[in-house]
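Per UniProt numbering, the sequence shown runs over residues 1 to 148. Built from N, CA and C at the ideal position, the CB exists for glycine as well. Keep in mind it's a predicted model, so treat the numbers as computed, not measured.
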Amino acid sequence: MLASCLSPACIAAGVPASTFGTTIGSGLLCLDQIDPFFFWSYLKESFGAPYKQEGGAYWFKVQTSLWGMQVSDILVSDGSGQLVFLAATIKAKPDALSDAILGSTGIGYMKDGTMRYAPMESGLGSRIVYAGQDARIYCAKYNPDSWR
1 MLASCLSPAC
11 IAAGVPASTF
21 GTTIGSGLLC
31 LDQIDPFFFW
41 SYLKESFGAP
51 YKQEGGAYWF
61 KVQTSLWGMQ
71 VSDILVSDGS
81 GQLVFLAATI
91 KAKPDALSDA
101 ILGSTGIGYM
111 KDGTMRYAPM
121 ESGLGSRIVY
131 AGQDARIYCA
141 KYNPDSWR
């Protein structure tokens, strides 16, 4: 059950449920299954309808934080591709986000290559990449239904 703030006033204000950090944070860190319908429903209940569908994802505008960092968008795969994913745009540089996650959860990220803007990956498969001036963190897994 989605708890705490599911009243129309909270949804209109874009107030996340009290379980936001655990539910969305665990998904982004690849600590849980990626079920797009579950995340879509959860985000719609908390923030209202997505503001766009683009690039194989539903985009939700949010104003909340994870790991002490400001989150601006949450993306959930729309089922049109071979991957299921959950992603978030964070108003910080990837290195700062990686440090915040390490400090909050103990989960570390390693750079995947020596390039200046190389992606970072955790041992669990979560990745942090540049998204313009911001960071984007995501967990992506193959969609078993896409092969049928």
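Practice problem: Determine, using beta carbons only, whether Leu-29 and Ile-107 come nearer to each other than 8 Å. | Solution: yes
Quiz item: Between the C-alpha atoms of Gly-79 and Ala-96, what's the straight-line distance to the nearest angstrom?
Solution: 31 Å
Quiz item: In or out: Leu-124 buried (at least 16 other Cβ within 10 Å) or exposed?
Solution: Exposed is the call here.
Self-check item: Helix, strand or coil at Leu-75 according to DSSP, with G and I counted as helix
Solution: strand
Exercise. Please report how far the alpha carbon of Phe-85 lies from the alpha carbon of Arg-116, in whole angstroms.
Key: 25 Å
Quiz item: For Cys-139, which residues does DSSP report across the bridge?
Solution: Leu-86
Quiz item: Helix or strand or just coil, what does DSSP make of Asp-145?
Solution: Secondary structure of Asp-145 (DSSP, three-state): helix.
Quiz item: Name the DSSP beta bridge partners of Val-129, please?
Solution: When beta bridges are read from the DSSP output, Val-129 appears opposite Arg-136.
Quiz item: With 16 as the cutoff for other CB atoms within 10 Å, does Thr-89 come out buried or exposed?
Solution: Classification for Thr-89: buried.
Quiz item: Going by DSSP, what residues sit across from Ala-57 in a beta bridge?
Solution: Glu-54, Ser-77
Quiz prompt | Alpha-carbon spacing of Ala-57 relative to Ser-77, whole angstroms | solution = 4 Å
Exercise. Could you check what DSSP says for Leu-43 in three-state terms: helix, strand or coil?
Key: helix
Self-check item: Per DSSP, cross-strand counterpart(s) of Tyr-109
Solution: Tyr-109 is bridged to Ser-122.
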